[in-house]
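With our numbering applied, the sequence shown corresponds to residues 7 to 216, in that order. Single-structure report; data block below.
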Amino acid sequence: MKAPVSAQEMKEIEKTAASRGISYLTMMENAGIAAAEEIIKEYKPEGKIVIIAVGKGNNGGDGYVVARLLQAAGAMVMIIMAEGLPVTDSAKINFDRCLQCGIEVVQYEPQTSDPFFQGADFIVDAVYGAGFHGSFREPAASAIRAINASDAKKIALDLPSGLNADTGECAPDAVQADTTVTFARLKKGQTTAEGLQLCGKLVLKDIGLE
Numbered sequence: 007m008k009a010p011v012s013a014q015e016m017k018e019i020e021k022t023a024a025s026r027g028i029s030y031l032t033m034m035e036n037a038g039i040a041a042a043e044e045i046i047k048e049y050k051p052e053g054k055i056v057i058i059a060v061g062k063g064n065n066g067g068d069g070y071v072v073a074r075l076l077q078a079a080g081a082m083v084m085i086i087m088a089e090g091l092p093v094t095d096s097a098k099i100n101f102d103r104c105l106q107c108g109i110e111v112v113q114y115e116p117q118t119s120d121p122f123f124q125g126a127d128f129i130v131d132a133v134y135g136a137g138f139h140g141s142f143r144e145p146a147a148s149a150i151r152a153i154n155a156s157d158a159k160k161i162a163l164d165l166p167s168g169l170n171a172d173t174g175e176c177a178p179d180a181v182q183a184d185t186t187v188t189f190a191r192l193k194k195g196q197t198t199a200e201g202l203q204l205c206g207k208l209v210l211k212d213i214g215l216e
């Protein structure tokens, strides 16, 4: 197995892949496919309620891909935006694809969204990825507390929201995942005792970057 990397080292791997002609949109699609395949194999979500909690960056973009694929696999999917609309080009494209597929996408609001988290069979955490450091901001902080309060099985994409990819430090209320699907390389923060505990079952997926 290749050595774990920092968030910056992961960015460099992605840049190198981009220089070889692998677009960031393709990287996002490959990550989403890898995660969806693992979720389908492990949890069999057909006919189940799946809430995809997304941030506004590329981790959220991965979540949009997963949403589309789980809907195609027969899950009842809803997307809750924990930070608002996507801001990266690839995430915007995948947001639009979800709308075209008829997936319901809503902005997080405690009174209306928390019951959806409570009623879900599965929650996919795609709020914050390797770029996270520090602490949560609202409204994402409230959304993440609602995720943790739910009895649903929780699957994190790349890292649980709130886990520092470099140090393994965990923000208060960091998402406690049942399964974490991480992409290309393990992140250094996932190899610490606290990071491993937060990730739950840790699954490493090759997405064709190296």
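Even glycine gets a Cβ: it sits at the ideal position worked out from N, Cα and C. All values derive from a computational prediction rather than experimental measurement.
Problem - beta strand (DSSP E) runs wholly inside the segment 7 to 57, at least 3 long, in chain order - result: none
Exercise for the section: Excluding the 5 residues preceding and the 5 following residue 170 in the sequence, name in chain order all residues of the same chain whose CB lies nearer than 6 Å to its CB. Expected result: By one-based count along the sequence shown, residue 170 stands at place 164. Answer for residue 170: 139, 195, listed in chain order.
Handout entry: residue 110 - containing beta strand (DSSP E), residue span
Key = Taking the sequence shown and counting its residues from 1, one reaches residue 110 at position 104. Its beta strand (DSSP E) spans residues 110 to 113.
Handout entry: N- and C-terminal bounds of the alpha helix (DSSP H) containing residue 98
Key = The residue you call residue 98 lines up with position 92 of the sequence shown. Note, residue 98: alpha helix (DSSP H), 95 to 106.
Problem - Beta-carbon proximity check, residue 79 vs residue 115, cutoff 8 Å - result: Walking along the sequence shown from the start, residue 79 turns up at place 73. Walking along the sequence shown from the start, residue 115 turns up at place 109. Taking 8 Å as the Cβ cut-off, residue 79 and residue 115 do not qualify as a contacting pair.
Exercise for the section: Return helix, strand or coil for residue 194, following the three-state DSSP convention. Expected result: Counting from 1 along the sequence shown, the entry for residue 194 is found at position 188. Residue 194: helix per DSSP, three-state reduction.
Exercise for the section: Grab the span of the alpha helix (DSSP H) containing residue 118 for me, first residue to last. Expected result: Counted from its first residue, the sequence shown places residue 118 at position 112. Where residue 118 is concerned, the enclosing alpha helix (DSSP H) stretches over 116 to 125.
Handout entry: At least three beta-carbon pairs within less than 8 Å, the segment 65 to 83 to the segment 147 to 159
Key = no
Practice task
Answer with buried or exposed for residue 8, where buried requires no fewer than 16 other C-beta atoms within 10 angstroms of its C-beta.
Solution key: To locate residue 8, count along the sequence shown from 1; it is residue 2. Its Cβ having fewer than 16 others within 10 Å, residue 8 is exposed.
Practice task
Starting from residue 129, follow the beta strand (DSSP E) in both directions and report where the run begins and ends.
Solution key: Along the sequence shown, read from residue 1 onward, the residue named residue 129 stands at position 123. That run of the beta strand (DSSP E) goes 128 to 132.
Problem - Length-filtered (4 minimum) alpha helix (DSSP H) runs lying within the segment 143 to 191 - result: 146 to 155
Exercise for the section: List the residues that DSSP assigns as beta-bridge partners of residue 209. Expected result: The sequence position of residue 209 within the sequence shown is 203, counting from 1. DSSP lists 187 as partners of residue 209.
Exercise for the section: Please classify residue 59: does DSSP put it in a helix, a strand, or coil? Expected result: Here residue 59 refers to the residue found at position 53 when the sequence shown is read from its first residue. In this structure, residue 59 counts as strand in the three-state DSSP scheme.
Handout entry: Any 3 or more C-beta pairs closer than 8 Å across the segment 104 to 121 and the segment 16 to 35
Key = no
Problem - Residues bridged to residue 83 [DSSP beta-bridge criterion] - result: Taking the sequence shown and counting its residues from 1, one reaches residue 83 at position 77. According to DSSP, which records beta bridges pairwise, residue 83 is partnered with 56.
Practice task
Between the Cα of residue 109 and those of 73, 129, 91, spot the shortest distance and give me the residue it belongs to.
Solution key: Numbered from 1 along the sequence shown, position 103 holds the residue referred to as residue 109. When each option's Cα is compared against that of residue 109, the closest is 73.
Practice task
Compare the beta carbon distance of residue 158 and residue 183 with 8 Å and say whether it is the shorter of the two.
Solution key: Reading the sequence shown from its first residue, position 152 is the one you call residue 158. Reading the sequence shown from its first residue, position 177 is the one you call residue 183. Against a cut-off of 8 Å, the Cβ pair of residue 183 and residue 158 comes out as no contact.
Exercise for the section: Whole angstroms is fine: what's the gap from residue 220's alpha carbon to residue 215's? Expected result: Residue 220 cannot be examined here, being either before or after the span of the chain that is shown, 7 to 216.
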